[in-house]
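Asks: This is the structure I have questions about; it appears just below.
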Amino acid sequence: MAAYGDLPYGRGAAANGVAGGRQTIYMLALNWYVNRNVRFMFDYLHGDVAKQVSVTNVGNIGAKFDAFAMRTQIAF
Numbered sequence: 002m003a004a005y006g007d008l009p010y011g012r013g014a015a016a017n018g019v020a021g022g023r024q025t026i027y028m029l030a031l032n033w034y035v036n037r038n039v040r041f042m043f044d045y046l047h048g049d050v051a052k053q054v055s056v057t058n059v060g061n062i063g064a065k066f067d068a069f070a071m072r073t074q075i076a077f
């Protein structure tokens with residue numbers, strides 16, 4: 002499974018004194034069914050957060066990140 006998320010935040014909020022930005026996340030997931038009762042789930046996320054310093058300063062103080070997660074499900 003693959004997914005993409007794009008979230009603009011603070012759009013039009015400069016009038017209220019809130020600096021805006023954007024968050025973009027790409028996700029890739031893999032499920033491995035060992036048998037009928039056991040499943041392993043692997044997730045990889047790559048994100049980019051662009052955040053404006055302030056309403057008057059448009060510099061970017063955002064961050065980029067990569068995350069890997071593994072989950073296990075056991076059904077009785």
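Numbering (the working numbering), first residue to last: 2 to 77.
Cβ coordinates follow ideal geometry from the N, Cα and C atoms, glycine included.
Source: prediction; values computed, not measured.
Alpha carbon to alpha carbon, how far is Phe43 from Gly60? Give it in angstroms, no decimals.
Replies: The count along the sequence shown starts at 1 and reaches residue 60 at position 59. The count along the sequence shown starts at 1 and reaches residue 43 at position 42. Each residue's Cα considered, the two are about 35 Å apart.
Asks: Since I believe Phe66 is in contact with Tyr45 (beta carbons under 8 Å), could you give me their beta-carbon distance rounded to a whole number of angstroms?
Replies: If you number the sequence shown from 1, residue 45 lands on position 44. If you number the sequence shown from 1, residue 66 lands on position 65. So it is not a contact: roughly 11 Å between Cβ atoms.
Asks: Report yes if the CB atom of Ala64 is closer than 8 Å to the CB atom of Leu29, and no otherwise.
Replies: Indexing the sequence shown from 1 puts residue 64 at position 63. Indexing the sequence shown from 1 puts residue 29 at position 28. In this structure, Leu29 does not lie closer than 8 Å to Ala64 by Cβ.
Asks: Please determine, among Ile75, Val35, Gln24, the residue with the shortest C-alpha to C-alpha distance to Ile62.
Replies: By one-based count along the sequence shown, residue 62 stands at place 61. Per the Cα distances, Gln24.
Asks: Please state whether DSSP places Arg40 in a helix, a strand or coil.
Replies: For the purposes of this step, residue 40 is taken as the residue at position 39 of the sequence shown. Strand.
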